[in-house]
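Take a look at the structure below.
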Amino acid sequence: MKVTARRPRSDSAKAAVAAAQAVSLGPIAPPAFVRVSKQARPFWDAIVTARPRDTWTDADLILAGNLARAYADIEALQDAIDRDGLLVDGKPNPACDLLDKMSRRALATGRQLKVDTITTVGKSETLPKAAALERDARAQLDDDLIPTLATMQ
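Going by this note's numbering, 190 is the number at position 144 of the sequence shown; the sequence numbering is gapless.
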């Protein structure tokens, strides 16, 4: 039996107020027991803002720290591959194997934390509709008769 308080409906005024308050607080700071380097901090902020603030538990924040560090490591490995090339002394660059492993680990951790694309954006069958809406909006940008945000600025 669930003992936590029930969350307000996402389309309610109460939920809108809670969301505005959460946004005004900024991203959740890493707890003292989670080490997040300067290089991993932008990834941390992106991860913890992908879900509502009040849904994060201490255990989730530990995993978020792991994911942020993994993303920072992925960037460092990609930089090494860009610098050294795919082949080093005629053999595959060892960084390529590490990059593959880190990417898989990051994908799995993101799914576990529910910050993956399906959770945050939706299932892939809804994306064509959203893409069609954006294509239509881009087509209307060329139409001088329809006011756009650029016109308003």
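All residues carry an ideal CB built from backbone N, CA and C; glycine is no exception.
- Around the beta carbon of Asp128, fewer than 16 other beta carbons lie within 10 angstroms, which makes this residue exposed.
- In this structure, Gly111 keeps its C-beta atom at 8 Å or more from the C-beta atom of Pro140.
- In the DSSP annotation of this structure, Ile74 is not part of any alpha helix (DSSP H), being labelled neither H nor E.
- Assignment of Lys60 by DSSP, reduced to helix, strand and coil, places it in the helix class.
- Around the beta carbon of Arg115, 16 or more other beta carbons sit within 10 angstroms, so the residue counts as buried.
- Under the DSSP definition of a beta bridge, Leu133 partners with Pro138.
- DSSP, reduced to helix, strand and coil, places Trp90 within a helical segment of the structure shown.
- Taking a C-beta distance under 8 Å as the contact criterion, Leu109 and Leu153 do not qualify as a contact pair.
- A straight line joining the alpha-carbon of Thr165 with that of Arg181 spans about 24 Å.
- Pro73 sits close to Asp91, with the two beta carbons spaced by under 8 Å.
- Annotation for Thr165: the continuous alpha helix (DSSP H) segment containing it runs 163-166.
- The three-state secondary structure of Pro174, taken from DSSP, is helix.
- At a Cβ-Cβ threshold of 8 Å, Phe79 and Ala118 do not count as neighbours.
- Burial check for Leu71: the Cβ neighbour count within 10 Å stays below 16, so the residue is exposed.
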